[in-house]
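Heads up: the protein sequence lines correspond to chains A and E, in order. If you read the first sequence in our numbering, its first letter stands for residue 3, the second for the next number, and so on. If you read the second sequence in our numbering, its first letter stands for residue 85, the second for the next number, and so on. Just so you know, even glycine gets a beta-carbon here, dropped at the ideal spot from N, CA and C. Before any comments, here is the structure.
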Amino acid sequence: GESVGLHLPTLSVQEGDNSIINCAYSNSASDYFIWYKQESGKGPQFIIDIRSNMDKRQGQRVTVLLNKTVKHLSLQIAATQPGDSAVYFCAENNDRDDKIIFGKGTRLHILP
Amino acid sequence: DTAVSQTPKYLVTQMGNDKSIKCEQNLGHDTMYWYKQDSKKFLKIMFSYNNKELIINETVPNRFSPKSPDKAHLNLHINSLELGDSAVYFCASSPIGAANEKLFFGSGTQLSVL
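See the structure below:
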């Protein structure tokens with residue numbers, strides 16, 4: 003079965019506030035994690051990734067945190083903008099598998 | 085200069101018909117994929133090809149047949165379409181298909197079976 007994800011919830015955030023999207027995974031062998039953003043009518047787009055030898059990685063306005071102890075991954079978006087409205091997916095992979103497993107996604111809704 | 089392009093964008097057809105979706109990537113990647121996204125946005129891999137060779141074949145009905153004429157193209161043919169085939173189909177590619185690579189997705193083909 004699938005080892006990553008959430009039910010598809012909606013997170014509503016005020017424009018300008020920070021957003022935190024969470025993801026749980028169950029495969030302790032997973033060693034590579036990715037966040038994708040999918041805007042309406044488009045394909046998923048890579049945002050940021052992290053390998054299991056790290057617990058934090060920062061990009062432009064985004065930070066991914068990995069807690070291997072509790073098998074938890076989060077995506078933090080600073081100063082959320084209207085253009086951040088999308089469905090966000092976490093995904094995982096490991097060296098033994100040839101495929102990336104996607105979680106079920108979280109819809110981020112920006113309030114004006 | 086689209087990286088991964090798939091056609092058509094929308095496909096509406098009757099049950100029992102046969103249809104194809106085409107995908108091309110100009111990134112020089114070795115590995116291409118087909119994913120299916122259902123109405124709840126769940127993304128599930130169907131197939132992957134590395135340099136024209138089938139690598140991943142999930143438990144997909146035999147009515148689905150991928151074909152890769154060269155490493156830049158991966159087409160999906162679906163026979164005897166069923167209502168449950170209605171979904172958005174995404175093509176994707178990655179450089180070599182290693183475990184730790186990001187995927188580049190096309191914009192999707194929304195298939196509606198009536």
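- Only residues of its own chain outside the window of five on either side were considered, and among them Lys128, Ile129, Met130 and Phe131 have a CB closer than 8 Å to the CB of glutamate 142 of chain E, listed in chain order.
- By the Cβ rule, the segment 103-112 of chain A does not count as touching the segment 51-58 of chain A, because fewer than three pairs are nearer than 8 Å.
- By the C-beta density criterion, serine 21 of chain A is buried, having at least 16 other C-beta atoms within 10 angstroms.
- Within the same chain, Ile36, Ala93, Glu94 and Asn95 come within 8 Å of isoleucine 102 of chain A by CB-CB distance, once the 5 residues on both sides are set aside.
- Think of a sphere of 9 Å around the beta carbon of isoleucine 129 of chain E: the chain A residues whose beta carbon falls inside it are Lys101, Ile102, Ile103 and Phe104, in chain order.
- Counting along the chain, the unbroken beta strand (DSSP E) around phenylalanine 35 of chain A starts and ends at 34-40.
- Of all residues in the segment 10-42 of chain A, the ones placed with a Cβ closer than 7 Å to any Cβ belonging to chain E are Leu10, Tyr34 and Ile36, in chain order.
- Across the segment 152-172 of chain E, no CB contact with chain A closer than 7 Å is found for any residue.
- When DSSP states are grouped into helix, strand and coil, proline 114 of chain A belongs to the coil group.
- DSSP places valine 89 of chain A in the uninterrupted beta strand (DSSP E) bounded by 88-95.
- Inter-segment contact for the segment 97-112 of chain E and the segment 69-86 of chain A is absent: fewer than three beta-carbon pairs are separated by less than 8 Å.
- Taking C-beta atoms as the reference points, proline 84 of chain A and isoleucine 112 of chain A count as a pair closer than 8 Å.
- Straight through space, the alpha carbons of glutamine 98 of chain E and tyrosine 173 of chain E are spaced by roughly 17 Å.
- When 9 Å is used as the limit between beta carbons, asparagine 101 of chain E is near no residue of chain A, the shortest such separation being about 24 Å.
- Where tyrosine 133 of chain E is concerned, the enclosing beta strand (DSSP E) starts and stops at 127-134.
- Excluding residues up to 5 positions away in sequence, Ile162 lie with their Cβ nearer than 6 Å to the Cβ of phenylalanine 148 of chain E in the same chain.
- Here aspartate 51 of chain A has Ile36 as same chain residues with Cβ atoms under 6 Å from its own Cβ, once five neighbours each way along the sequence are excluded.
- Rounded to the nearest angstrom, the gap between the Cα atoms of aspartate 86 of chain A and phenylalanine 188 of chain E is 19 Å.
- For lysine 186 of chain E, the neighbours in chain A by C-beta distance under 7 Å run, in chain order, Ile36, Phe48 and Asp51.
- In the assembly as shown, lysine 186 of chain E is a buried residue. Its beta-carbon has 16 or more other beta-carbons within 10 Å.
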